[in-house]
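Participant:
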Amino acid sequence: MSKGEEGLTPEMERMFKKFDANGDGKVSKSELAEALRTLGSTSSDDVQHIMAELDINGDGFIDFHEFADFCRNNSGLMKDVSKAF
Ligand SMILES: [Ca+2]
Ligand SMILES: [Ca+2]
Numbered sequence: 001m002s003k004g005e006e007g008l009t010p011e012m013e014r015m016f017k018k019f020d021a022n023g024d025g026k027v028s029k030s031e032l033a034e035a036l037r038t039l040g041s042t043s044s045d046d047v048q049h050i051m052a053e054l055d056i057n058g059d060g061f062i063d064f065h066e067f068a069d070f071c072r073n074n075s076g077l078m079k080d081v082s083k084a085f
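Take 1 as the starting number for the sequence shown in UniProt numbering and just add one per residue.
(1) Leaving aside the five residues before and after M1 along the sequence, list all residues of the same chain whose C-beta is less than 6 Å from its C-beta, in chain order.
(2) Going by C-alpha distance, which of D55, A33, D69 and T38 is nearest D45?
(3) Quick one: what does DSSP say I56 is sitting in, helix, strand or coil?
(4) Kindly list the residues whose CB is nearer than 6 Å to the CB of K18, restricted to its own chain and excluding five residues on each side of it in sequence; keep chain order.
(5) From this set, L39, G40, E66 and G7, which residue's C-alpha is nearest V27's C-alpha?
See the structure below:
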């Protein structure tokens, strides 16, 4: 494991791959919306809000590091998400 990747778990990687439907290594807004639908949330406000929260560098995509940061900061929530997938 390289420096700066402490705390990454196989579980995070598994979830990220679920979110990243087309496998290009980043989660687009439509992929996020699709994942949230799976979780039972269909409000576009939610998508907007969660996207803004996860997309730290503002490029319109969630990369694995942004996703992992969110997982670390919301471990309780992500436990539920992990169960849903
Ligand atoms: Ca993708
Ligand atoms: Ca980003």
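Virtual Cβ for every residue (Gly too), placed ideally from N, Cα, C.
Facilitator: Well, looking at it:
(1) Here residue 1 corresponds to residue number 1 of the sequence shown, with the count starting at 1. Unreliable positioning characterises M1 in this predicted model, as indicated by a pLDDT of 46, which lies under 50. The coordinate reading is nonetheless provided below. There are no such residues.
(2) Here residue 45 refers to the residue found at position 45 when the sequence shown is read from its first residue. The shortest C-alpha separation from D45 is found at A33.
(3) By 1-based counting over the sequence shown, the position of residue 56 is 56. Coil.
(4) Mapped onto the sequence shown, residue 18 falls at position 18. Excluding positions up to five away in sequence, the list reads F85.
(5) Start at 1 with the first residue of the sequence shown, and residue 27 comes out as number 27. Out of L39, G40, E66 and G7, E66 has the C-alpha closest to the C-alpha of V27.
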